[in-house]
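K.L.:
Numbering that gives the first Met the number 0 applies: residue 0 is where the sequence shown begins, and numbers increase by one.
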Amino acid sequence: MPSPTPDHIADSLLFIQFKKGSEKAFTHYFNTYFRAITGFCEQFIPDTESARGIAQEAFVNLWLNRKKIEKPGGIPSFLYTSARSKCLNELKHLKVVRRYENETLAQKESSINLEVLQALENDSLSFQELDQTINRFIEELPEQTRQIFKMKRFEHKKNSEIAAELNISVKTVEAHMTKALSFLRDGLSEYFPAVIVGLISHLS
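1. Return the residue from the list Ala35, Phe25 and His155 that minimises the CA-CA distance to Tyr79.
2. At the level of alpha carbons, what is the spacing between Asn134 and Phe153?
3. Can you tell which of Ser181, Thr144, Leu180 and Leu90 has the C-alpha that lies nearest to the C-alpha of Ile167?
4. Under 8 angstroms between the Cβ atoms of Ala205 and Lys85?
5. Hey, how far is the Cα of Leu165 from the Cα of Gly186?
6. So is Ser159 buried or exposed if we call it buried at 16+ other beta carbons inside 10 Å?
7. For the alpha helix (DSSP H) containing His27, name the first residue and the last one.
8. Between the alpha carbons of Val169 and Lys178, how many angstroms are there, rounded?
9. Going by C-alpha to C-alpha distance, which of Gly38, Asn30 and Lys18 sits closest to Lys67?
10. Report buried or exposed for Pro141, applying the criterion of at least 16 other Cβ atoms within 10 angstroms of its Cβ.
11. Helix, strand or coil for His175? Go by DSSP, reduced to three states.
12. Could you spell out where the alpha helix (DSSP H) holding Ile53 opens and where it closes?
13. For Phe136, which of helix, strand or coil comes out of DSSP?
14. My understanding is that Ala9 touches Phe39, with C-beta atoms under 8 angstroms, so please give their C-beta distance in whole angstroms.
15. Look at Phe148 and Met176 and say whether their C-beta atoms are less than 8 angstroms apart.
Okay, structure coming up:
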């Protein structure tokens with residue numbers, strides 16, 4: 000039986016650190032796979048921003064389920080599975096019917112193992128807990144800051160629209176958003192790595 004190579008040992012150690020909650024290890028996997036997952040999503044969703052958002056959710060999901068991944072090769076499988084599931088749900092939501100006969104998709108789907116698919120059964124619970132944590136911090140914001148944050152993130156209003164509706168300046172809206180995101184990042188940093196906190200700020 001051949002001895003493990005230095006690269007194999009390094010990968011194994013990195014994976015162990017990731018399972019234990021290492022922010023550095025997670026950032027490594029994020030930098031390694033994010034572009035590929037986004038490109039994968041774009042084959043389903045022909046909109047770059049939407050594809051990036053789904054890819055970001057896949058990484059949040061990976062972090063929440065990291066203890067269920069059994070080996071390094073399970074990380075890309077998990078990401079592709081999570082992203083694919085979200086893409087298909089998005090298409091169903093939009094009632095878009097398309098056929099996907101791309102060989103690359105088929106190859107990637109065939110690499111997805113049963114363990115990863117079973118792990119995804121708990122996705123809804125993980126995101127429910129995540130939402131509850133985020134919402135708790137949002138409710139702790141000062142009243143006007145909270146109102147502006149919700150109008151921006153949940154109602155998808157532009158800064159100019161919020162300013163006009165609340166009779167304040169655009170700069171005031173921007174200042175409140177900066178304050179809200181800073182508070183959210185600081186509060187969530189106790190629960191998630193910096194990369195995850197940054198993603199959550201955009202997903203909220």
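By construction, the Cβ of each residue, glycine as well, lies at the ideal position given by its N, Cα and C atoms.
Computed from a prediction, not measured in an experiment: that's the story for all the values here.
P.N.:
In brief:
1. Locating residue 79 in the sequence shown gives position 80, where the first residue counts as 1. Checked all of Ala35, Phe25 and His155; the closest Cα to Tyr79 is Ala35.
2. As a first step, residue 134 is located in the sequence shown; it is residue number 135 there, counting from the start. As a first step, residue 153 is located in the sequence shown; it is residue number 154 there, counting from the start. Going from the Cα of Asn134 to the Cα of Phe153 covers about 12 angstroms.
3. For this step, residue 167 is matched to residue 168 along the sequence shown. Checked all of Ser181, Thr144, Leu180 and Leu90; the closest Cα to Ile167 is Thr144.
4. Residue 205 falls outside the range modelled here, since the chain spans only 0 to 203, and no answer is possible.
5. As a first step, residue 165 is located in the sequence shown; it is residue number 166 there, counting from the start. As a first step, residue 186 is located in the sequence shown; it is residue number 187 there, counting from the start. About 27 angstroms.
6. Here residue 159 corresponds to residue number 160 of the sequence shown, with the count starting at 1. Exposed, by the Cβ-count rule.
7. Here residue 27 refers to the residue found at position 28 when the sequence shown is read from its first residue. Where His27 is concerned, the enclosing alpha helix (DSSP H) stretches over Glu22 to Glu41.
8. Counted from its first residue, the sequence shown places residue 169 at position 170. Counted from its first residue, the sequence shown places residue 178 at position 179. Roughly 14 angstroms separates the two Cα atoms.
9. For this step, residue 67 is matched to residue 68 along the sequence shown. With distances taken between Cα atoms, Lys67 lies closest to Lys18.
10. Taking the sequence shown and counting its residues from 1, one reaches residue 141 at position 142. Counting other Cβ atoms within 10 Å of its Cβ, Pro141 stays below 16 and is therefore classed as exposed.
11. If you number the sequence shown from 1, residue 175 lands on position 176. In this structure, His175 counts as helix in the three-state DSSP scheme.
12. Within the sequence shown, residue 53 is the residue found at index 54, counting from 1. Thr47 to Leu63 is the span of the alpha helix (DSSP H), which, as asked, contains Ile53.
13. Here the question's residue 136 lines up with position 137 in the sequence shown. Here Phe136 sits in helix by DSSP.
14. Numbered from its first residue, the sequence shown carries residue 9 at position 10. Numbered from its first residue, the sequence shown carries residue 39 at position 40. With 8 angstroms as the limit, Ala9 and Phe39 do not qualify as a contact, their Cβ atoms being about 26 angstroms apart.
15. As a first step, residue 148 is located in the sequence shown; it is residue number 149 there, counting from the start. As a first step, residue 176 is located in the sequence shown; it is residue number 177 there, counting from the start. Inclusion of Phe148 and Met176 in the CB contact set at 8 angstroms is warranted, their separation being smaller than that value.
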